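> Each residue of the sequence shown is one higher than the last, beginning at 336 in our numbering. For every residue, glycine included, the Cβ atom is placed at its ideal position computed from N, Cα and C. If you're wondering where the values come from, they're calculated on a predicted model, not measured in any experiment.
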Amino acid sequence: MKKIQLIYNPYAGVREFPKLLDFSLDLFNSRGYELHLFRTSHPDEFSNLINRNDGHNFEAILVAGGDCSVNLAVNALLRSGRDIPLGIIPAGTSNDLARHLKIPMDLSAALKSLTDMNTELVDVGLVNNTFFVNVCSGGLLTNIAHDVTLRLKNVFGRMAYYMKGVKELPRFSSMRLRIVTPESVMEDEFYLFLVLNGSGAGGFEKLGGPASIVDGKLDFMGIKPLQINELLAIFRKILRGEHITDRNVVYFQFSSMRIERLEGDQHNPATDVDGEKGPDYPLSISILPRRLRLVVPPTPIC
């Protein structure tokens, strides 16, 4: 019987997944797989679990958690150099990558969709020395994922991020950046920038517009300084997927980029990588085409 490693964060999202452990064991057993469960909520443990001495016996690795848990697993797996499929069970708060992959948000349905072990190679982003599969961002709202408490997320889910964001808006100042690609150099002010591999971030499923996880490119989106009412209008457009042509939005695709803070900029914006605290500036960002093998439902990835 083939073995699968399942790593789960019991505190992810609204803590529903631990209730499905018996269901998971029975489901995969019925499909000919022996499921090995590993419980963790500590970042350092992901690397230890994925690099276990018996790890080479596993047919695949499944991670039940949010985008942060997935990011930790991806970094541990890619640094190990092992070519083993990684599956995502969307047990977190936003689950942006799982949504892009069309994995059902219902946990039972998500588990069933992964039992065929259908795999596809997808692109991975690299910022400085950190891999990301979904988004690297900086500026407004970026530190919210780090500041929102576990209790608030458990009670309000994704709404916790929006509540925190509304409080932050009035006191936020813009950042002055130099953005360098092989084709151009841009110096401008931004409230927020995102480098997207998939189509969504922060629960906004159309944020990346035409972004695809299999196109060999990353998508840059920057929002220029605006009045609060104008910024809210931009977010309404984001909900409809109509924002990338707005005059206050900078959008383009690229394969490599460097982002620097301009001299004299007093603002020290945080960065975020898939929900985890990101590196300091300057940022060297590139795409690694078809670098990661994911377990996906038997539907095309866009």
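#1: Please go through the same chain and pick out, in chain order, the residues whose beta-carbon is closer than 6 Å to the beta-carbon of residue 470, but skip the five residues on each side of it.
#2: For residue 369, which residues of its own chain have a beta-carbon under 6 Å away from its beta-carbon, when the five flanking residues on both sides are left out?
#3: In whole angstroms, what is the alpha-carbon distance linking residue 450 and residue 385?
#4: Where does residue 408 land, buried or exposed, given buried means 16+ other C-beta within 10 angstroms?
#5: Whole angstroms are fine: how far does the CA of residue 549 sit from the CA of residue 350?
#6: Keeping to the same chain, check which residues put their C-beta closer than 6 Å to that of residue 557; ignore five residues upstream and five downstream.
#7: Where does residue 562 land, buried or exposed, given buried means 16+ other C-beta within 10 angstroms?
#8: Which residues mark the beginning and the end of the alpha helix (DSSP H) in which residue 561 is found?
#9: Using a Cβ-Cβ cut-off of 6 Å (strictly less than) and excluding sequence neighbours within five positions of residue 400, which residues of its own chain qualify?
#10: Beta-carbon within less than 7 Å of residue 624's beta-carbon, same chain only, minus the 5 sequence neighbours each way: which residues are those?
#11: Using DSSP with H/G/I as helix, E/B as strand and the rest coil, what is residue 412?
#12: Nearest CA to the CA of residue 517: which residue from 620, 415, 477?
#13: Our contact map puts residue 402 next to residue 359 with C-beta atoms below 8 Å; I'd like the distance itself, whole angstroms only.
#14: Which runs of the alpha helix (DSSP H), 4 residues or longer, sit entirely within the segment 514–598?
#15: For residue 475, which three-state DSSP category applies?
#16: Just how far apart, CA to CA, sit residue 422 and residue 598?
#17: Taking the beta carbon of residue 630 as the centre, do at least 16 other beta carbons fall within 10 Å, making it buried, or is it exposed?
#18: Taking just the CA atoms, how far does residue 441 sit from residue 695?
#19: Tell me whether residue 385 sits in a helix, a strand or coil according to DSSP, three-state version.
#20: What does the Cβ neighbour count give for residue 579, buried or exposed, with the cut at 16 atoms within 10 Å?
#21: Less than 8 Å between the beta carbons of residue 341 and residue 460, yes or no?
Straight from the coordinates:
#1: 529, 531, 536
#2: 336, 338
#3: 20 Å
#4: Classification of residue 408: buried, given that the 10 Å Cβ count is 16 or more.
#5: 31 Å
#6: 525, 528, 585
#7: Exposed is the call here.
#8: For residue 561, there is no enclosing alpha helix (DSSP H), as DSSP marks it with neither H nor E.
#9: 344, 347, 426, 427
#10: 458, 551
#11: helix
#12: 620
#13: Going by Cβ atoms, the distance from residue 402 to residue 359 rounds to 20 Å, so no, they are not a contact pair.
#14: 563–575
#15: Judged by DSSP in its simplified three-state form, residue 475 adopts coil rather than helix or strand.
#16: Taking the straight line from one Cα to the other gives about 43 Å.
#17: So residue 630 counts as buried.
#18: Lying outside 336 to 637, the shown extent of the chain, residue 695 is not represented and no answer is given.
#19: helix
#20: Burial call: buried.
#21: no
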